[in-house]
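Top to bottom, those sequences are chains A and B.
The opening residue of the first sequence carries number 219 in my numbering; numbering runs sequentially from there.
The opening residue of the second sequence carries number 21 in my numbering; numbering runs sequentially from there.
What follows is a set of notes on a single structure, which appears directly below.
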Amino acid sequence: MLPVTRRSWLRLAGLGSAAAATLFGARRLSAAQDQSSHGAMEHAAHRMGPVGRVSTEAFNPATYLRAWNFSDLAPEERVRYYKETPRPDGTLLREYQIVAVDREIEIAPGVFFPAWTFNGQVPGPTIRATEGDRLRITFINAGSHPHTIHFHGWHHPDMDGSMPEHQVMPGDRFVYEFDAEPFGMHLYHCHAVPLKRHIHKGLYGVFIVDPKTPRPEADELIMVMNGFDTNFDADNEVYAVNTVANFFMHEPIKVEVGKLVRMYLVNVTEFDLLNSLHLHGMFFDVFRTGTRTTTSESTDTVMLCQGERAVLETRFRYPGKFMFHAHQSEFAELGWMGLFEAAGVRRDT
Amino acid sequence: MTREAAARTASGDATSPPVTARIWGVAFVPLALLAALIFLIIRTGPAEKLRGENVPPVERLAIERAVLTTDGIVLDVLNDGPDPVTIAQVTVDDAYWDFTSESGAVLRHLGKTRLTIPYPWVVGEAHLIKVMTSTGTTFEHEIAVAVRTPQPDRQFLLAFTLIGLYVGVIPVALGLLWLPLASRLGKTGIDVLLALTVGLLVFLFIDASSEALEMAAGMPGSYQGVTLFISSVIAAYLALESFGGWLRARRARARSAGSPGFVLALLIAVGIGLHNFGEGLAIGAAYALGEAALGTLLVIGFTLHNTTEGLAIVAPIAKDRPSIWTLARLGLIGGLPTIAGAWAGGLLYSPVLGVVFLGLGAGAIAQVALQIARQVAGEHSLSERFATAPVMVGLLAGFGVMYATGLLVG
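If you want it as structure tokens, here you go:
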């Protein structure tokens with residue numbers, strides 16, 4: 219008599235509708251049915267992706283791509299956060315100031331996420347040293363919850379930032395001090411509990427240790443695969459490389475044909491077991507965790523688990539646009555997709 | 021207002037002192053004070069103080085309707101919460117998609133917009149749409165089976181008319197054809213028949229109520245579906261009660277030979293008509309919601325089910341040998357509203373209308389069922405009369421018939 223409980227029937231019986239019409243001698247009804255229920259969509263080129271653009275005033279994913287040790291700041295501003303002092307053995311003492319602060323960030327056009335950040339940005343500022351350098355990181359917790367910084371790399375357990383007694387209370391500070399080793403592509407993140415929340419709220423950043431013998435000169439890019447659970451259902455609504463959904467679709471990463479390009483890639487996505495990077499029309503060498511300077515792995519798709527990272531090297535052969543994205547199509551369609559734009563004349567590499 | 025009430029008011033005016041402008045003026049004082057109070061509340065915002073600082077806004081979006089067209093998916097979205105909501109993004113099946121919003125991105129309390137999403141939906145498959153607000157909160161709508169939503173045109177109206185005829189008018193008319201048999205029954209036979217009718221109507225009442233409550237539960241909270249339903253039930257019950265009283269009074273004055281049976285039959289027809297309007301509305305709405313294709317079994321089920329409604333109309337006048345014209349009129353009153361309902365449901369779908377009309381139908385049916393029960397009881401009390409075997413058998417048979425034909429409808 220009434221539709222709601224009968225909708226299941228309505229659906230099941232849908233195909234019988236033409237028969238019903240015939241049964242009652244109503245050809246017109248059947249004509250109406252055919253016309254209305256079987257026509258699908260008229261196809262044009264489908265336009266996907268978020269609508270609009272994100273403001274880059276507070277955070278620019280493109281600037282983040284090529285900045286480390288606060289190189290994106292003006293010199294007078296930079297000294298407040300970063301200082302290097304030569305040591306007798308030829309290494310450097312590198313001193314950093316990292317401040318945890320709550321901040322709302324725009325992760326997709328018009329979508330604002332109540333993030334916990336290092337220095338007001340997600341990912342936090344990239345820390346980069348050479349193997350053997352001394353690192354002294356002053357951590358100030360100006361946030362609303364206890365936080366820590368937990369670095370990947372060799373260090374004393376007291377500097378681990380992982381145990382309950384390591385938690386830095388709001389308003390407090392702590393100085394982490396250790397030598398930069400081993401060389402490779404590492405990361406740092408908050409290790410206060412609940413861990414998932416402290417990480418996915420935005421408390422993570424890249425920590426690169428260069429080998430004493432530098433890697434070959436290259437165009438170096440820092441790429442953080444991250445995600446945001448905007449409705450707190452333990453599943454990400456937004457995926458990206460460097461925080462902003464689809465940012466590099468609109469502002470492709472500019473590279474030169476033939477020049478060595480080195481990507482420092484890390485997966486800090488929460489909730490999903492794996493993430494990946496797939497580069498179109500190209501292959502690249504993979505240096506897992508960047509702890510060796512030789513590799514036998516050449517691929518166009520690299521898979522990383524949570525917290526795993528890799529150094530990728532390649533040279534663009536053709537000028538033009540090259541798409542890159544997670545090969546988890548779901549992540550790709552939720553923002554983790556971008557473009558390289560190579561300029562120059564074709565070079566066989 | 022009933023005639024008696026109107027008469028009382030009129031006589032009251034004659035004896036009591038006239039209502040002067042001064043008294044009207046005094047009556048406005050509380051209203052003026054109330055306005056001042058509301059102004060004060062808005063200015064000072066005591067609720068804001070309770071909420072404290074940095075408390076996220078309460079966001080509640082209701083997706084009222086999804087229509088599938090050749091251009092994609094069209095969503096009607098309502099802000100059902102107290103705070104303004106900004107629609108930032110839309111995903112379909114976990115993919116951000118292009119969309120446009122007819123009334124802009126910001127929706128105030130009870131503000132509405134229409135989102136057009138050029139998404140290449142797939143016939144016969146399911147799609148999940150999420151509307152994401154500026155805070156990242158998501159509101160979901162599932163399209164269980166994607167089928168192009170019929171657009172209202174001449175064919176559409178014709179199809180609804182035919183469906184209305186099949187499930188409303190013809191079955192009621194068929195039920196009326198039992199009159200010759202009913203008229204040959206003795207007193208006990210008529211009582212059994214009337215009890216059967218009561219059984220049918222009580223079943224319909226329960227069915228309509230549960231459906232309406234289910235629909236109300238799915239409605240945006242601001243529409244207060246349950247209250248709306250119960251108010252509609254009471255309104256219809258009282259309206260029919262007073263309509264019945266008016267009919268009886270008129271007949272008595274005109275000294276027409278009409279029996280109480282005819283009044284009862286007319287009331288039943290009106291009640292069933294209201295109910296069938298709600299039913300038609302529901303059928304039309306199922307189409308309009310883009311969730312349904314009407315199937316063979318469903319049409320047959322409705323047809324069988326509604327034939328019993330015709331029986332309910334003829335039972336009280338079985339002894340009166342009414343003319344064909346009278347019968348036809350009763351049949352049309354009971355059946356025709358199905359067509360009107362189907363049109364209304366298909367053309368201007370609204371869950372509010374659905375709940376209201378289901379409520380009106382339920383209230384009317386309750387009133388009619390009680391009337392018949394009183395007639396069956398006669399001098400006896402209701403419980404005494406209904407406890408006798410023939411009446412009980414009739415009542416249970418009424419439930420049984422409805423239940424069995426209801427199975428066909430699912």
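Every residue gets a Cβ at the ideal spot worked out from N, C-alpha and C, and that includes glycine.
Fair warning: this is a prediction, and the values are worked out from it, not measured in the lab.
Closest by C-alpha distance to residue i, when choosing among the options
i, options, result
"residue 320 (chain A)", "A:332, A:511, A:479 and A:449", "A:332"
"residue 88 (chain B)", "B:152, B:165, B:263 and B:359", "B:165"
"residue 387 (chain A)", "A:564, A:402, A:359 and A:381", "A:359"
"residue 92 (chain B)", "B:143, B:216, B:378 and B:213", "B:143"
"residue 286 (chain B)", "B:271, B:141, B:50 and B:299", "B:271"
"residue 544 (chain A)", "A:535, A:536, A:554 and A:538", "A:554"
"residue 390 (chain B)", "B:216, B:242, B:240 and B:84", "B:216"
"residue 208 (chain B)", "B:256, B:362 and B:413", "B:413"
"residue 563 (chain A)", "A:508, A:533, A:312 and A:552", "A:533"
"residue 327 (chain A)", "B:138, B:336 and B:110", "B:110"
"residue 221 (chain B)", "B:121, B:252, B:426 and B:385", "B:385"
"residue 460 (chain A)", "A:342, A:316, A:303 and A:476", "A:342"
"residue 289 (chain B)", "B:251, B:174 and B:328", "B:328"
"residue 332 (chain B)", "B:250, B:298, B:300 and B:422", "B:422"
"residue 393 (chain B)", "B:169, B:69 and B:219", "B:219"
"residue 374 (chain B)", "B:210, B:171, B:245 and B:163", "B:245"
"residue 369 (chain A)", "A:404, A:336 and A:393", "A:404"
"residue 253 (chain B)", "B:387, B:407, B:380 and B:43", "B:380"
"residue 148 (chain B)", "B:128, B:212, B:129 and B:83", "B:83"
"residue 98 (chain B)", "B:90, B:129 and B:119", "B:129"
"residue 260 (chain B)", "B:283, B:242 and B:243", "B:283"
Chain A contact residues for residue i, given Cβ-Cβ distances below 9 Å
i, result
"residue 156 (chain B)", "325, 326, 329, 330, 331, 332, 446, 447, 448, 449, 450, 455 and 456"
"residue 133 (chain B)", "Those within 9 Å of residue 133 (chain B) in chain A number zero; the least Cβ separation is about 14 Å."
"residue 358 (chain B)", "Result: empty, since nearest Cβ-Cβ is about 11 Å, beyond 9 Å."
"residue 412 (chain B)", "The premise fails here: residue 412 (chain B) is roughly 25 Å from chain A at the closest Cβ pair, so nothing lies under 9 Å."
Sub-8 Å separation of residue i and residue j beta-carbons
i, j, result
"residue 482 (chain A)", "residue 438 (chain A)", "yes"
"residue 519 (chain A)", "residue 503 (chain A)", "no"
"residue 329 (chain A)", "residue 448 (chain A)", "yes"
"residue 517 (chain A)", "residue 542 (chain A)", "no"
"residue 291 (chain B)", "residue 192 (chain B)", "no"
"residue 401 (chain A)", "residue 353 (chain A)", "no"
"residue 527 (chain A)", "residue 485 (chain A)", "yes"
"residue 283 (chain A)", "residue 440 (chain A)", "yes"
"residue 360 (chain B)", "residue 300 (chain B)", "yes"
"residue 442 (chain A)", "residue 462 (chain A)", "no"
"residue 267 (chain A)", "residue 139 (chain B)", "no"
"residue 86 (chain B)", "residue 161 (chain B)", "yes"
"residue 304 (chain B)", "residue 238 (chain B)", "no"
"residue 430 (chain A)", "residue 348 (chain A)", "yes"
Partner residues on chain A for residue i, Cβ-Cβ distance less than 7 Å
i, result
"residue 117 (chain B)", "266"
Contact set between residue i and chain B, taken where Cβ atoms lie within less than 7 Å
i, result
"residue 269 (chain A)", "109, 118 and 119"
Cβ-based neighbour list, residue i, same chain, cut-off 6 Å, excluding 5 preceding and 5 following
i, result
"residue 472 (chain A)", "559"
"residue 549 (chain A)", "457"
"residue 277 (chain A)", "339"
"residue 410 (chain A)", "364, 365, 366, 385 and 416"
"residue 480 (chain A)", "436, 438 and 531"
"residue 346 (chain A)", "286, 287 and 426"
"residue 249 (chain B)", "232, 236, 375 and 379"
Close beta carbons around residue i, own chain, < 8 Å, minus the five adjacent residues each side
i, result
"residue 153 (chain B)", "79, 81, 105, 106, 107, 108 and 159"
"residue 416 (chain B)", "219"
Chain B residues whose Cβ lies nearer than 8 Å to that of residue i
i, result
"residue 463 (chain A)", "116"
Near the ligand ZN: residue i beta-carbon under 7 Å from a heavy atom
i, result
"residue 295 (chain B)", "Annotation note on the ligand ZN: not contained in the displayed structure, which lists no ligands."
7 Å CB neighbourhood of residue i in its chain, flanking five on each side removed
i, result
"residue 229 (chain B)", "382"
"residue 177 (chain B)", "363"
"residue 75 (chain B)", "none"
"residue 326 (chain B)", "187, 188, 191 and 192"
"residue 121 (chain B)", "107, 133 and 135"
"residue 467 (chain A)", "267, 555, 556 and 557"
- prompt: What residues from the segment 444–459 of chain A come within 9 Å of chain B, judged by C-beta to C-beta, listed N to C?
  reply: 446, 447, 448, 449, 450, 451, 455 and 456
query: If you measure beta-carbon to beta-carbon, which residues of the segment 530–556 of chain A are closer than 7 Å to chain B?
result: 548, 551, 552 and 553
- request: For the segment 217–239 of chain B, enumerate the residues whose C-beta is nearer than 9 Å to any C-beta of chain A, in chain order.
  value: 224, 227, 228, 230, 231, 232, 234, 235 and 238
query: Taking Cβ-Cβ distances below 7 Å as the criterion, which residues of the segment 88–107 of chain B are in contact with chain A?
result: 90, 92 and 106
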